[in-house]
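Worksheet: the structure to be examined is printed underneath.
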Amino acid sequence: MPPRQPDPSLFVVLPVFNEQAALRQVIEDWTVVLRDNSPGFTLYVINDGSSDASLTILLELSAEIPELEILNQANLGHGRSCLNAYFTAIGRDSEWILQIDSDGQCDPQYFAKFWSERRYERPTYGQRRSRADGIHRQLLSYGLRLLIRVATGIDVRDSNVPYRLMHKSTLKRCLSCIPIDPPLPNVLLAVLHQYWFNIRWVTIHFRARQ
């Protein structure tokens with residue numbers, strides 16, 4: 010059987026910073042689900058200056074998973090890493106871009122639902138109706154929703170959720186309006202997606218950080 014080749018139809022953005030405890034399991038679990046649902050994909054992992062064994066684990070996994078591509082860089086932060094990866098996906102003309110996190114909170118069981126919605130070309134975001142990451146984070150998300158609504162008049166249900174599937178056309182339009190180094194770029198992206206394209210929301214459970 011010939012080796013599986015990366016495919017431009019789905020570009021998965023996965024930023025990593027010091028996630029050695031969860032990283033192998035997260036990538037292995039997601040690889041299984043992505044292979045089951047997508048005809049092909051590139052799993053683009055950004056090692057954002059990790060000081061633990063994350064890079065070693067990624068290099069080991071790259072020998073086992075041909076879809077895995079690693080970018081090793083000095084620490085830029087989560088938002089900037091995602092933003093740069095989005096531009097990479099657009100530059101490669103990837104049709105769909107999925108952003109998830111590497112700490113085990115994004116449960117891959119929901120991906121099939123996200124993928125089934127892609128025919129609409131609207132951005133599809135997870136809405137964390139139940140969360141196992143602490144009441145303080147739930148309050149922060151609620152406060153951010155109120156702040157955005159007061160400041161812009163736009164109601165974004167879960168603006169900082171790290172579980173989002175985006176079509177290249179909608180992402181490209183939003184990126185054209187985002188500054189080079191903005192604060193909270195994924196929040197700004199969600200606001201623009203909601204304003205222009207009316208985000209389609211999928212209810213998800215957000216697991217405890219591994």
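Heads up, the sequence shown is in this note's numbering, so the first residue is 10 and it goes up one at a time. Idealized CB from N, CA, C, for every residue including glycine. Note that the coordinates shown come from a computational prediction; the quantities given were computed from them, not determined experimentally.
Contact under 9 Å by Cβ, T51 with F20: yes
Unbroken beta strand (DSSP E) run spanning N56, endpoints: 51-57
What does Y134 pair with, by DSSP beta-bridge criteria? R173, W210
Straight-line Cα distance separating P48 from I208: 25 Å
Give the straight-line distance between the Cα atoms of Q147 and Y172, rounded to the nearest whole angstrom. 16 Å
Where does the unbroken beta strand (DSSP E) through L19 begin, and where does it stop? 19-25
Between which two residues does the beta strand (DSSP E) containing E78 stretch? 77-82
Given this structure, state the Cα-to-Cα distance separating I36 from S111, to the nearest angstrom. 8 Å
Starting from I106, follow the beta strand (DSSP E) in both directions and report where the run begins and ends. 105-108
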